[in-house]
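**Q**
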Amino acid sequence: MTHLDGNVLAGPLSELFNADMTEAVGRCLGCGDESALALAMVYPDEMGFVARCRQCGEVLLTIVHGPGDVRVEMRGIGVLKVPE
Ligand SMILES: [Zn+2]
Numbered sequence: 125m126t127h128l129d130g131n132v133l134a135g136p137l138s139e140l141f142n143a144d145m146t147e148a149v150g151r152c153l154g155c156g157d158e159s160a161l162a163l164a165m166v167y168p169d170e171m172g173f174v175a176r177c178r179q180c181g182e183v184l185l186t187i188v189h190g191p192g193d194v195r196v197e198m199r200g201i202g203v204l205k206v207p208e
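End of the sequence shown sits at 208 in our numbering; the numbers just go up one at a time, nothing left out.
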């Protein structure tokens, strides 16, 4: 099966991150809670942010400022629903 290179993601990803991500709903892999990212418990530190589930405290995502980029790791989110 043929595949496309990553450039094809530019359009969809720009739409994704132009959305108001605080309205996006994530499902916690720890407890299954589904709630808007705006409701997550966010812990800022000198490197960036850690967002934790408001129900069970599991890490949902981390945003870290690296040298020359921003790194978003969504380790605890099974499904992210972004409003259109
Ligand atoms: Zn949870």
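C-beta atoms are modelled at their ideal positions from N, C-alpha and C, and glycine is treated no differently.
If you measure between the beta carbons of L153 and G200, is that distance less than 8 Å?
**A** A contact, by the Cβ cut-off of 8 Å.
**Q** Taking DSSP as the reference, what is the three-state secondary structure of L185?
**A** Correct three-state label for L185: strand.
**Q** Is G165 helix, strand or coil when you go by DSSP?
**A** Residue identity check: residue 165 is Met in the sequence provided, not Gly. Three-state DSSP puts M165 in a strand.
**Q** Run through the DSSP bridge pairs and tell me what E197 is partnered with.
**A** T186.
**Q** What three-state label does DSSP hand E158 in the structure shown?
**A** Three-state result, E158: strand.
**Q** In this structure, what does DSSP give as the bridge partners for G135?
**A** G135 is not bridged to any residue.
**Q** Rounded to whole angstroms, what's the CA-CA distance from K205 to R176? Just pull it up for me.
**A** Whole-angstrom Cα-Cα distance: 17 Å.
**Q** Going by C-alpha distance, which of V166, M165 and V149 is nearest E158?
**A** When only C-alpha atoms are compared, the closest one is V149.
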